[in-house]
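S.K.: Would you mind keeping the following structure in view while I ask a few things?
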Amino acid sequence: MNRRRFHTHPRGLSILETIATAAVLMLGILGIMLTLGAASRHNRRNNNLSQASLIAEQELERVVNLRCVGEPLNDPCVNIKQLDNTRRDVWWSANGRMTETPPLPGATPQMAYTLTLDVDPPFEGAETGEPALNRAIPLPHASNLALHQVVNVRVTVSWMEEPGAPRRAVALQTRMAP
6 MNRRRFHTHP
16 RGLSILETIA
26 TAAVLMLGIL
36 GIMLTLGAAS
46 RHNRRNNNLS
56 QASLIAEQEL
66 ERVVNLRCVG
76 EPLNDPCVNI
86 KQLDNTRRDV
96 WWSANGRMTE
106 TPPLPGATPQ
116 MAYTLTLDVD
126 PPFEGAETGE
136 PALNRAIPLP
146 HASNLALHQV
156 VNVRVTVSWM
166 EEPGAPRRAV
176 ALQTRMAP
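According to the numbering used here, the sequence shown is numbered sequentially starting from 6.
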């Protein structure tokens, strides 16, 4: 009796198994690429937001340091009121500073921001805020401030992340008085 020997030959991958493996691998690579793209856009958006916030803080500090220098009883913040509706373009430079000089052609790209100041003496329309802006403010060495002596200063920094996209904005606000 002849005994047949059964040899088990290692079987290779079939074409279907190869295609299925390639498809799963491609889906995994596609998922990683989409995740990296979304993370990159999110990081760029956060970077732009941080830069705009710094620009707004610097501008608000600049305005506050001007202090109200006008006639103390009639219009003490006349110099601040003159800044109302001022608007200018600024750029965030690669060295981490705000500049008002546009970049030269071929220079390192810089993000363009629009900086707007709004000064409302003391508030716009019937918006009095909370706590109410028209409340009495006791001062240690003087009588209460009159409402016409208080100004509301709002700094808005806006930018466009991509052409055709809606503008984004950051706004900081403070009240000033003599």
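The C-beta atom is built at its ideal place from N, Cα and C for all residues, glycine as well.
Being a predicted model, the structure only gives us computed values, none of them experimental.
#1: When you compare the CB positions of VAL156 and VAL124, do they come within less than 8 Å of one another, or not?
#2: Go ahead and pull the three-state DSSP assignment for THR26.
#3: Could you have a look at ARG93 and say whether DSSP puts it in helix, strand or coil?
#4: In the DSSP assignment, find the unbroken alpha helix (DSSP H) run with VAL83 in it and report its ends.
#5: So, are the CB atoms of THR121 and ARG92 less than 8 Å apart?
#6: Looking only at its own chain, which residues have a Cβ that is under 7 Å from the Cβ of SER58, when we skip the five neighbours before and after it?
#7: Can you grab the Cα-Cα spacing for the pair VAL74 / MET38, in whole Å?
#8: For GLN87, count neighbouring Cβ atoms within 10 angstroms of its own Cβ and tell me buried if that reaches 16, exposed if not.
#9: Going by C-alpha to C-alpha distance, which of ASN52, MET181 and LEU21 sits closest to TYR118?
#10: Given a cut-off of 8 Å on the beta-carbon distance, is the pair PRO81 and GLN178 in contact?
#11: Throw me the rounded Cβ distance for the LEU71 and ILE85 pair, which I believe falls under 8 Å.
M.R.: So, to answer that:
#1: yes
#2: Helix, per DSSP.
#3: strand
#4: 83-86
#5: Annotated as proximal: THR121 and ARG92, with beta-carbon spacing under 8 Å.
#6: The answer, listed in chain order, is VAL175.
#7: 57 Å
#8: exposed
#9: ASN52
#10: Not closer than 8 Å, so no.
#11: Rounded, the Cβ-Cβ distance is 6 Å, consistent with contact.
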